[in-house]
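Numbering (the working numbering), first residue to last: 143 to 372. Beta carbons are placed, not taken as given, at the ideal position from N, Cα and C, and that holds for glycine. Keep in mind it's a predicted model, so treat the numbers as computed, not measured. Presented below is the structure to which this report refers.
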């Protein structure tokens, strides 16, 4: 079991907040744990609180009535999810599932609302969360509307490098998350076969290296050039 005090010492979740705000948030929050594949919250549910990822990763996705999944993002430790429903009062727009064993800091809606009512100046610390998600959503819309698949794939790989890139003792940058081609296809809303063709081309050109469930970017500049062609 994770002690809430450990979060302060080891996780960037609350970094940048004033000490008194951190104390208040810790006082009204609880640590929850989820097993691999367990639902954190589901699309359509009431927004009952804010979740800060402490350990593990969380998969955010959206599904059509036909069951087709759009993988929106993989959330790392140090990030918050669920803030949109918390602030606008509408149902959850995405499904959130644990990837591996996860721990989250859960801030219940009733306590969050009471805290903001008592200290409305705290909004300034949560608005950037919404802005970040809005920018991400707009970039997806722009990609679908304006970019061909190679450019969209290049853009998403660059984003994954920015979030999950690790420089180890091998050439290039490893995207340090299990990333099957099926998941990349779900991120872009296309077939696995279409993604496979483009990834093989990128690999043949020396832009990436593929392994089972892993991807290593060898030439970020080449990915950037794919974007500049459109």
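Bridge partners - residue i, DSSP secondary structure assignment
{"i": "residue 186", "result": "Paired residue(s): none; residue 186 is not in a bridge."}
{"i": "residue 173", "result": "247"}
{"i": "residue 358", "result": "316, 351"}
{"i": "residue 205", "result": "211"}
{"i": "residue 199", "result": "241"}
{"i": "residue 193", "result": "223, 248"}
{"i": "residue 307", "result": "317"}
{"i": "residue 369", "result": "Beta-bridge pairing links residue 369 to no other residue."}
{"i": "residue 216", "result": "201"}
Integer-rounded CB distance, given that residue j should sit under 8 angstroms from residue i
{"i": "residue 369", "j": "residue 293", "result": "5 angstroms"}
{"i": "residue 224", "j": "residue 191", "result": "7 angstroms"}
{"i": "residue 170", "j": "residue 253", "result": "4 angstroms"}
{"i": "residue 249", "j": "residue 189", "result": "In fact, because the Cβ distance is near 11 angstroms, the residues do not count as touching under 8 angstroms."}
{"i": "residue 328", "j": "residue 211", "result": "5 angstroms"}
Straight-line gap, residue i to residue j (C-alpha atoms, nearest Å)
{"i": "residue 321", "j": "residue 356", "result": "6 angstroms"}
{"i": "residue 364", "j": "residue 166", "result": "47 angstroms"}
{"i": "residue 178", "j": "residue 237", "result": "14 angstroms"}
{"i": "residue 161", "j": "residue 347", "result": "50 angstroms"}
{"i": "residue 154", "j": "residue 265", "result": "19 angstroms"}
{"i": "residue 261", "j": "residue 144", "result": "28 angstroms"}
{"i": "residue 217", "j": "residue 235", "result": "16 angstroms"}
{"i": "residue 208", "j": "residue 333", "result": "15 angstroms"}
{"i": "residue 307", "j": "residue 193", "result": "24 angstroms"}
{"i": "residue 147", "j": "residue 296", "result": "40 angstroms"}
{"i": "residue 273", "j": "residue 226", "result": "10 angstroms"}
{"i": "residue 246", "j": "residue 156", "result": "13 angstroms"}
{"i": "residue 279", "j": "residue 298", "result": "12 angstroms"}
{"i": "residue 337", "j": "residue 174", "result": "36 angstroms"}
{"i": "residue 182", "j": "residue 240", "result": "7 angstroms"}
Beta-carbon contacts of residue i that lie in its chain and below 8 angstroms, excluding the five residues immediately before and after
{"i": "residue 349", "result": "359, 360, 361, 364, 365"}
{"i": "residue 159", "result": "167, 267"}
{"i": "residue 204", "result": "185, 211, 212, 214, 235, 236, 237"}
Close-in-space but distant-in-sequence residues of the same chain around residue i (CB under 6 angstroms, 5 per side omitted)
{"i": "residue 215", "result": "202"}
{"i": "residue 314", "result": "358, 359, 360"}
{"i": "residue 318", "result": "306, 308"}
{"i": "residue 242", "result": "178, 198"}
The ligand PLP heavy atom lying under 8 angstroms from the CB of residue i
{"i": "residue 262", "result": "Questions concerning the ligand PLP fall outside what the structure shown contains, since it holds no ligand whatsoever."}
Neighbourhood of residue i by C-beta distance below 7 angstroms, restricted to the same chain and skipping five residues each side
{"i": "residue 219", "result": "153, 195, 196, 197"}
{"i": "residue 352", "result": "341, 345"}
{"i": "residue 325", "result": "213"}
**Request:** Enumerate, from N- to C-terminal direction, the unbroken beta strand (DSSP E) stretches of 3 or more residues contained entirely within the stretch 230 to 291.
**Result:** Counting whole runs of 3 or more residues, the stretch 230 to 291 contains the beta strand (DSSP E) stretches 237 to 250.
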